[in-house]
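K.L.:
Reading the sequence shown from the start, the letters are residues -28 to -1, 1 to 267 in mature numbering (1 follows the signal peptide of the UniProt record, and there is no 0).
Ideal Cβ positions, reconstructed from N, Cα and C, are used throughout, including at glycine.
Provided herewith is a single structure, encoded as structure tokens, for subsequent inquiry.
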Amino acid sequence: MTRFSVAKNLRPAALAIAACFGLSACLAANSALAPASVPNLAEADAPEVSRTTPDWLNLHFEISDRSARLPQFSWDQVIFHAKPGDCSKHRDAAGPSDCATRTTRSVIAKNQIWQQELDFKVGQRYLLTFDFWVDPDFIASGSPAKVSLARWYGSRLSQTPLFEVELDARRGVTFLGTTCVSAKDLDGWHRFSVRMRLAEDETGFVEMRCDSALKVGQPLLAKSNIVTTQPWHCAFGAPCRRKYPTPDQFSVELGIIADPVRGRFAPLPAEGLTVRMKRIEVKRLLVIIGRVEDL
């Protein structure tokens, strides 16, 4: 994975508040300084060129070099959009370009912890939580495409994900095969949350909650005594024939990641797919309260 810098972009000067007297004067002055309205991304034919991120986005989140169509920012939301065949020609240590592998991607990425400014490390516990909204037209379209809304990667594993939050028109949003939000309930905003311990032995765990389960009741998924530094199918399914090296660095991508289907780009709807996210939080957990061992 590309290692992202820790420098933080400043909020554009256009967001400064105009000093003025009188209502009409204020409206006139501030209209010139107001940010431009969010474009209709479904009509955007080319990626945007700015990689500036707003100051409300968690420190160390940046727009990935592999994003073919750059995410947009509106108030407290990150807006991702992807069309069939979108891809980036950028290649790095993680492997060939997305155009070469027929992968479509529009994401923000992070490989350091907000505030603590530490790398993700083996043996530590983390929380990732965010609100998400999926264009209802994607579910209505019945598209066979499977899209990742979030992926965890380990260095030295190329583009093989450790875990991922998946979206498809039939099952809705799932994590490790467990439903977070069903397809029929996917309208409106929803919240996803996962706690995990990165471990190269059987001291790892994952616990997933969504929506009402965040406040009361049992988590939707809980697994303990598992290795979490290997791809998830090795920990949850049959033992992998291949032994993957233990990563020395980890990262997470949020947005839209559509893998190829039978060597072709994923069959996204012709008008594209839009996903919105807000209230994104990633942090190290020093104390775990009320964790469920297994479900």
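Can you tell me whether Cys212 is buried or exposed? The criterion is at least 16 other CB atoms within 10 Å of its CB, across all chains shown.
P.N.:
exposed
K.L.:
Using the Cβ count rule (16 or more neighbours within 10 Å means buried), how would you classify Trp204?
P.N.:
buried
K.L.:
Sort out for me which residues DSSP pairs Ser196 with in a bridge.
P.N.:
Phe177
K.L.:
Which residue wins for smallest C-alpha separation from residue 268, given the options Ile261, Glu138 and Gly144?
P.N.:
Residue 268 is absent from the structure shown; the chain starts at -28 and stops at 267.
K.L.:
Apart from the five residues just before and just after residue 271, which ones in its own chain have a Cβ nearer than 6 Å to its Cβ?
P.N.:
What the structure shows of the chain is the stretch from -28 to 267, and residue 271 is not part of that stretch, so it cannot be assessed.
K.L.:
How should Lys93 be labelled, buried or exposed, when 16 other C-beta atoms within 10 angstroms of its C-beta is the threshold for buried?
P.N.:
exposed
K.L.:
Following the continuous beta strand (DSSP E) through Ser46, name the residue where it begins and the one where it ends.
P.N.:
Gln44 to Ser46
K.L.:
In the DSSP assignment, the alpha helix (DSSP H) including Phe222 goes from what residue to what residue?
P.N.:
No alpha helix (DSSP H) holds Phe222; the beta strand (DSSP E) holding it covers Phe222 to Ala230.
K.L.:
Look at Ile260 and Arg142 and say whether their C-beta atoms are less than 8 Å apart.
P.N.:
no
K.L.:
Under a three-way DSSP split, which group does Pro26 fall into?
P.N.:
coil
K.L.:
Express the C-alpha separation of Phe52 and Pro108 in angstroms, rounding to a whole number.
P.N.:
If I take the Cα positions, the gap works out to 14 Å.
K.L.:
Less than 8 Å between the CB atoms is what I'm expecting for Ser154 and Leu186, so what's the real figure, rounded?
P.N.:
Not confirmed; about 17 Å, so no contact.
K.L.:
How about the segment 249 to 260 and the segment 29 to 43: do they share at least three Cβ pairs that are nearer than 8 Å?
P.N.:
yes
K.L.:
Sort Leu193, Gln190 and Arg163 by Cα distance to Cys182 and report the nearest one.
P.N.:
Arg163
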